[in-house]
Structure formats: structure tokens, C-alpha cells
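If you read the protein sequences in the order shown, they are chains A and B. Its first residue numbered 1, the first sequence is counted upward by one per residue in the UniProt record's numbering. Its first residue numbered 1, the second sequence is counted upward by one per residue in the UniProt record's numbering. Glycine included, C-beta positions come from ideal geometry on N, C-alpha and C. Quantities reported herein were computed from a predicted structural model and do not represent experimental measurements. Inspection log for the structure reproduced underneath, given as C-alpha cells.
Number of protein chains: 2
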Amino acid sequence: MNLLSYGLLGMVAREESSGYDLMLKIQPYWQAKHSQIYPLLSRMEEKNLLSSRWIQQSDKPDKKMYGITEHGREILQEWMLSHLSAPVTRDELSLRLFCLWLTEEEGARRMVAERKRHFLERIDYFESLLASRPQHTPTFGSPEFGEFILIQKGLMNARAGLEWCQMVLGMIPREGTTSLQEKLVSSI
Amino acid sequence: MNLLSYGLLGMVAREESSGYDLMLKIQPYWQAKHSQIYPLLSRMEEKNLLSSRWIQQSDKPDKKMYGITEHGREILQEWMLSHLSAPVTRDELSLRLFCLWLTEEEGARRMVAERKRHFLERIDYFESLLASRPQHTPTFGSPEFGEFILIQKGLMNARAGLEWCQMVLGMIPREGTTSLQEKLVSSI
DNA sequence: ACTTGCATGTAACTTGTTACATGATTTA
DNA sequence: TAAATCATGTAACAAGTTACATGCAAGT
């Protein structure tokens, strides 16, 4: 059982879901493709952590809804008490910064601007999630609490990223902005 | 050529390094083990992106220093101009928050406290990096600039994470703090 | 005596991505 | 008419982790 499997198990524990549902819901926090999720769900059913039933739909394709079993819930509880592993981030931008000195102002600005767009999109997404739920802050113990602080986690992270982008864009001179003095110095 | 390979190539472009050096330097930004790095460096040498030479050492084991080739530099330049991919984060904590309602206050607090320690450690690390380099802010174009904003990236991210932890710890009631009224309500 | 750091590598395995495969309905 | 959404799955491949393997020097 890997971390993704536990995550899926936990989501099913909250509400019965199809693989497709789970994929969409988990995407913003853990980038997993359907080709990874479907086999995991099958294996978890074999291990008796999940049960499934087919739901016929008229307009859309039929779907397989998964629910958690008693055994699944026990395993889930154990996981929640086990040691928490450190987050893993792999960001191409970090690698590129090691050799940023190889690029011109324009290239560097383009890169950071692209990342800025990414964060703005994420902020939009998380804010729309917040807007589509009860106004009052949920209290600990309710299922809404976990979801609320999860959204806050994404939001605060994206805002920090945006701030960084703006700081950096402020530090890279726009081309054509170089002063006469600097040009003279760099031409030596 | 994967992202990690480009990252290593970029680091070698800055200064000649051994696989061991690269592993240590890249760790805080991209968690790669030596068992992944060594074969990548070998393959990049085969492709004529890197060249290597053995350095004998008396007190420590000998080491293989890699330098970038002309061809390597060209490939690196191309990469810097190509499309930047989105960052990928896999955080067990995010998955756990989906089913936080399964745990008690104590378990939840422990989890967040553990994460808080993680961020405090990272902040310490990045601040020590800042302290061990020239006081004045580097300007765009110098190799120090990229490294400076990379450290800032890690720092701002870790600070945002810490802030989130503190917000959440403030929202989870400490056990024994529950009011009489709440106890009566929850006992129904 | 034991562990940590330095230093390099391979083998077996797990995890994650891309591509293949199907097919109806809705929207542009 | 083309693309996107819904919906499930498999196969081949790439990326990343864990374990195995060696060995010396310095510190605890």
C-alpha cells in the first residue's frame, strides 16, 4: 500500500466514489492519472479494503462506485496514526535557477511570468472552492474542517509562490531599461 | 533526457563537480538519491554532454569530477528556452486531510506539529545559506542571482507552510480545553 | 566498538507517465 | 465536424527508491 492508495481509501471513506470522481478530486493535491488510479482501486478491492458496485447511467457511461469496508476503515485509522513523511516537490524551475546566468533578461522574465500565471490559476481555483461552500469556518471534527484547511494549504502556498514571482520580476531589469552608465560599464 | 539530468547539467555548468557534490547540492530542491544520479551522469558522459576526470585524494576516497562539454552547453541553452513544466508536489499530509475527521484532536495536533518542525528546519537551513554568502543582494546576470532567488523560493515556501501550521494548530482545540457545554452536546 | 561522512557503483523493485483502446453525449 | 466530458481499462516505458556492495578516516 503506497501513499496514493491510502489517499484514495480516505476519500472513499468520506463518500462512495468512482475512480473517475477520485481522479478529479485528488488532482489538485496529488497528480495521478486514471491509468494509475484504476489498477490501485482494483487491488484494494482484492485486499478487501474496498467494495464496488456498478451504477447504470443513461446519458453517460456506466460507472463503478467504490465504498470502504470495515477492514478498510481499520487500515485507514492505522495510517492516520503512523509517522507522517516529508512532502516531495519536484519543480523544474528550481533546477533552472541553478543556471539562470545562462539566459537573457527576456528569457528569465518569460519563465517567471509563466510560473506567475500558474499560481494565479491555482489561486482562482482554490478561491472558487471556498466560494462554493458554507460561509462559516468549520470546526474540528466535521469532515468539512479537513477539506477547509486543505484548501487553505493550497491557497497559502500558491500565494507565497505568486509573491516570489512578483519579487523576482521586480529584480530582473526589463530590456531597454538599462541606463547609459550600465551600458558603458558592461561594454568594457 | 529528463528534468533531473538537465538540472545536473546546469549545476556542472556552474562548476566542475562530483556526483556526490551534486547529490548534496540538489537535495533541498529535488530529492534524488545517489543511485539515481550516478547512472545519469554516466549516460550524459556517453552522450558527450559531460566529461570526467578522476581526482586522487589522500584522506578521502578518490572522486570523479564532471565538467560540461561544448555540446552540453548547447543542449543546456536549448532547455532554458523550452517550455517550463508545472511543479509536482506529493504531500502525504494533503491526502491525510481528506479524512482528518477520523482522528482525535491529539493525533491531528501531532501531525501538524511534525510538519511544523519540518518547516522550521528548512527555514533554518535556508537562512544559514543566506548568512554564508555576500550581504549585498546580487544583480541579474551574476551566477549568484539565480542561487539567491532559489534560496528565497525555498524560504518563502517554508514560511508559508509554517504559517499554515500555526493557523491550523490555533484551530484544533487542545484536549481538556473542551467546555462543559460541548461535552454535554457530544455525549448525546 | 560504533557511527557518520566521503565516495562510487549495481540490481531489484515500486511508482508514475504515455500511449493504446473503446464509445456515447454534449458543446463549440 | 471537431473537440471535450464522462467512463474504464491495459501495456510499455521512464523515473525514483531500497537494498546490496565496498572501504577508509575521523569522531563519539
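Pull up the CB-CB distance for LYS33 of chain A and MET11 of chain A, whole angstroms please, since I reckon it's below 8 Å. One-based indexing of the first sequence puts residue 33 of chain A at position 33. One-based indexing of the first sequence puts residue 11 of chain A at position 11. The pair is not a contact, with the Cβ atoms about 16 Å apart (cut-off 8 Å).
Look at TRP79 of chain A and SER142 of chain B and say whether their C-beta atoms are less than 8 Å apart. In the first sequence, residue 79 of chain A corresponds to position 79, counting from 1. In the second sequence, residue 142 of chain B corresponds to position 142, counting from 1. Not a contact, by the Cβ cut-off of 8 Å.
Please name the residue or residues paired with ARG110 of chain A in a DSSP beta bridge. Taking the first residue of the first sequence as 1, we reach residue 110 of chain A at position 110. Looking at the DSSP output, ARG110 of chain A sits in no beta bridge, so it has no partner there.
Kindly list the residues whose CB is nearer than 7 Å to the CB of ASP62 of chain A, restricted to its own chain and excluding five residues on each side of it in sequence; keep chain order. As a working note, residue 62 of chain A is residue 62 in the first sequence. Answer for ASP62 of chain A: TRP54, ILE55, GLN56, listed in chain order.
Hey, how far is the Cα of SER5 of chain A from the Cα of GLU92 of chain B? Residue mapping note: residue 5 of chain A aligns to position 5 of the first sequence, counting from 1. Residue mapping note: residue 92 of chain B aligns to position 92 of the second sequence, counting from 1. Answer to the nearest angstrom: the Cα atoms are 11 Å apart.
PRO28 of chain A to TYR20 of chain A span [Cα, whole Å]: Translated into positions along the first sequence, residue 28 of chain A becomes position 28. Translated into positions along the first sequence, residue 20 of chain A becomes position 20. PRO28 of chain A and TYR20 of chain A have their C-alpha atoms some 14 Å from each other.
Close beta carbons around PRO138 of chain B, own chain, < 6 Å, minus the five adjacent residues each side: Locating residue 138 of chain B in the second sequence gives position 138, where the first residue counts as 1. Excluding residues within five positions, the ones whose Cβ falls inside 6 Å are GLU144, PHE145, PHE148.
With 8 Å as the threshold, decide whether the Cβ of ILE75 of chain B is near any Cβ in chain A. What you label residue 75 of chain B is simply residue 75 of the second sequence in a count that begins at 1. It does not: the Cβ of ILE75 of chain B has no partner Cβ on chain A nearer than 8 Å.
Going by DSSP in three states, LEU8 of chain B sits in which element: helix, strand or coil? Numbered from 1 along the second sequence, position 8 holds the residue referred to as residue 8 of chain B. Correct three-state label for LEU8 of chain B: helix.
For ASN2 of chain B, would you say it is in contact with chain A, using Cβ-to-Cβ distances shorter than 8 Å as the test? If you number the second sequence from 1, residue 2 of chain B lands on position 2. Not one chain A Cβ lies under 8 Å of ASN2 of chain B.
Range of the contiguous beta strand (DSSP E) that encloses SER65 of chain B: The residue given as residue 65 of chain B occupies position 65 in the second sequence. Checking the sequence, you will find Met at residue 65 of chain B rather than Ser. It spans 63-68 - the beta strand (DSSP E) in which MET65 of chain B sits, taken as one unbroken run.
Can you say whether ARG96 of chain A is buried or exposed, counting buried as having 16 or more other CB atoms within 10 angstroms of its CB? Position 96 of the first sequence, counted from the first residue, corresponds to residue 96 of chain A. ARG96 of chain A comes out buried.
Alpha-carbon to alpha-carbon, SER82 of chain B and ALA131 of chain A: Counting from one through the first sequence, the residue named residue 131 of chain A turns up at place 131. Counting from one through the second sequence, the residue named residue 82 of chain B turns up at place 82. Each residue's Cα considered, the two are about 36 Å apart.
I need the straight-line Cα distance from SER52 of chain B to LYS64 of chain B, nearest angstrom please. Mapped onto the second sequence, residue 52 of chain B falls at position 52. Mapped onto the second sequence, residue 64 of chain B falls at position 64. Using only the alpha carbons, I get a separation of about 6 Å.
Taking 8 Å as the cut-off, does the stretch 35-48 of chain A touch the stretch 102-114 of chain A (at least 3 CB pairs, one atom from each stretch)? No: the two stretches stay apart, fewer than three of their Cβ pairs being nearer than 8 Å.
Within 8 Å of any Cβ in chain A, is that where the Cβ of SER85 of chain B sits? By one-based count along the second sequence, residue 85 of chain B stands at place 85. The beta carbon of SER85 of chain B falls within 8 Å of a beta carbon belonging to chain A, placing the residue at that interface.
Own chain residues within Cβ distance below 8 Å of THR69 of chain B, not counting five before or after: Counted from its first residue, the second sequence places residue 69 of chain B at position 69. Excluding positions up to five away in sequence, the list reads ASN48, LEU49, LEU50, SER51.
Secondary structure at LEU50 of chain B, three-state DSSP: helix, strand or coil? Working through the second sequence from its first residue, we reach residue 50 of chain B at position 50. Residue state, collapsed to three classes: strand.
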